[in-house]
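A.B. asks:
Numbering (this note's numbering), first residue to last: 6 to 261.
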């Protein structure tokens, strides 16, 4: 009997240890207990556009943006019906209602062959509407692209996936095949920024340094007054022509 009790005790301890060592199951568009304790918030619940609106709008242009199977789907612009007068429907970028200054942002995304999209941040809606097109954001951009597409072979190194678009090129990029999901992360804390792709840091930068200022002055953004000012800004999913899909969009606010 003593040996039996000892065996059962060891079995129970092992079972508890095994159970406790297992990682929390990640369900699409839901936060784990650990993520909630760490301060993560969902920006997309898989069912609604609760935290979003169109840039320059109070609503979302539903012909261009849809929720399908727990994903935000940016519809291919060529598949959007025309207005009665034959003019295209202007979809515009998708903008977070809230603004963020210091944060860690994560999301999963996929595109089709030849696809092009991006996530913009540090976005001022006022600057965007004053200097850009009516419904399009001006902001620093985490580029999303089918890097292997022949049509993009002549792009600059700072225009491929993971780049700080037109400024910093990414390094050590490992993309999943087109049509499969990739995982991306942006860290913005004080003057420091990082871009990550599939668990690997592909670039980092610091606002206000000689390197940053030089690259900014050479970029297409230099002509926009106030563009590079660090602010509490919106996060934006770009309304590029191509199909793109997003899920598991979550953010953790860091102290300002």
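Backbone N, C-alpha and C fix where the C-beta goes; we use that ideal spot for every residue, glycine too.
Using the rule of at least 16 other Cβ atoms within 10 Å of the residue's Cβ for burial, across every protein chain shown, is residue 32 buried or exposed?
C.D. replies: By 1-based counting over the chain shown, the position of residue 32 is 27. Looking at its Cβ environment, which holds fewer than 16 other Cβ atoms inside 10 Å, residue 32 is exposed.
A.B. asks: Count the other CB atoms, across all protein chains shown, that sit within 10 Å of the CB of residue 176; report buried if there are 16 or more and exposed otherwise.
C.D. replies: Looking up residue 176 in the chain shown gives position 171. Exposed.
A.B. asks: Judging by CA-CA distance, which residue of 46, 73, 55 and 108 is the nearest neighbour of residue 261?
C.D. replies: Reading the chain shown from its first residue, position 256 is the one you call residue 261. Looking at the Cα atoms, 108 is the closest of the given residues.
A.B. asks: Under the assumption that residue 255 contacts residue 104 (Cβ atoms under 8 Å), give the Cβ distance between them as a whole number of angstroms.
C.D. replies: Indexing the chain shown from 1 puts residue 255 at position 250. Indexing the chain shown from 1 puts residue 104 at position 99. Residue 255 to residue 104, Cβ: 16 Å. No contact.
A.B. asks: Just grab the DSSP bridge partners of residue 124 for me.
C.D. replies: Here residue 124 refers to the residue found at position 119 of the chain shown. Bridge partners of residue 124: 147 and 242.
A.B. asks: Give the secondary structure of residue 66 by DSSP, where H, G and I count as helix, E and B as strand, and everything else as coil.
C.D. replies: What you label residue 66 is simply residue 61 of the chain shown in a count that begins at 1. Coil at residue 66, not helix or strand.
A.B. asks: Is DSSP giving residue 192 helix, strand or coil here?
C.D. replies: Taking the first residue of the chain shown as 1, we reach residue 192 at position 187. Strand.
A.B. asks: Exposed or buried, which one is residue 42 when buried takes at least 16 other CB atoms within 10 Å?
C.D. replies: For the purposes of this step, residue 42 is taken as residue 37 along the chain shown, with counting starting at 1. Exposed, since its Cβ has fewer than 16 Cβ neighbours within 10 Å.
A.B. asks: Thinking C-beta only, is residue 76 closer than 8 Å to residue 229?
C.D. replies: Your numbering for residue 229 matches position 224 in the chain shown. Your numbering for residue 76 matches position 71 in the chain shown. No. Outside cutoff.
A.B. asks: Taking just the CA atoms, how far does residue 37 sit from residue 8?
C.D. replies: By one-based count along the chain shown, residue 8 stands at place 3. By one-based count along the chain shown, residue 37 stands at place 32. Any reading at residue 8 needs caution, since the residue's pLDDT is 49, under 50, leaving its predicted position unreliable; the model's value is listed next. Taking the straight line joining both Cα atoms gives about 40 Å.
A.B. asks: Does any CB atom of chain C fall closer than 8 Å to the CB of residue 235?
C.D. replies: No chain C appears in the structure shown, which is made up of a single protein chain.
A.B. asks: Quick one: what does DSSP say residue 200 is sitting in, helix, strand or coil?
C.D. replies: Counted from its first residue, the chain shown places residue 200 at position 195. Note: residue 200 maps to strand in three-state DSSP.
A.B. asks: Quick one: using the 10 Å Cβ neighbour count with 16 as the cut-off for buried, is residue 246 buried or exposed?
C.D. replies: Against the chain shown, residue 246 aligns to sequence position 241. It counts as exposed.
A.B. asks: Measure from the alpha carbon of residue 186 to the alpha carbon of each residue in 112, 213 and 136, then state which is nearest.
C.D. replies: For this step, residue 186 is matched to residue 181 along the chain shown. Nearest C-alpha to residue 186: 112.
A.B. asks: How many Å lie between residue 191 and residue 202 at the Cα?
C.D. replies: Residue numbering aside, residue 191 sits at position 186 when the chain shown is read from its first letter. Residue numbering aside, residue 202 sits at position 197 when the chain shown is read from its first letter. Taking the straight line joining both Cα atoms gives about 9 Å.
A.B. asks: Please report the straight-line C-alpha distance between residue 62 and residue 117, rounded to a whole angstrom.
C.D. replies: The residue labelled residue 62 in the question sits at position 57 within the chain shown. The residue labelled residue 117 in the question sits at position 112 within the chain shown. Taking the straight line joining both Cα atoms gives about 28 Å.
A.B. asks: So what's residue 228 in DSSP terms, helix, strand or just coil?
C.D. replies: For the purposes of this step, residue 228 is identified with residue 223 of the chain shown, where counting begins at 1. Correct three-state label for residue 228: helix.
A.B. asks: Would you be able to state if there are at least three C-beta pairs under 8 Å between the segment 92-103 and the segment 54-74?
C.D. replies: Contact holds: three or more Cβ-Cβ distances are below 8 Å.
A.B. asks: Given residue 288, which residues of its chain have a CB within under 7 Å of its CB, disregarding the five upstream and five downstream residues?
C.D. replies: In the structure displayed, the chain extends from 6 to 261; residue 288 sits before or after that span and is not available.
A.B. asks: Compare the Cα-Cα distances from residue 274 to each of 206, 248 and 169 and report the closest residue.
C.D. replies: In this structure the chain extends from 6 to 261, so residue 274 is not present and cannot be described.
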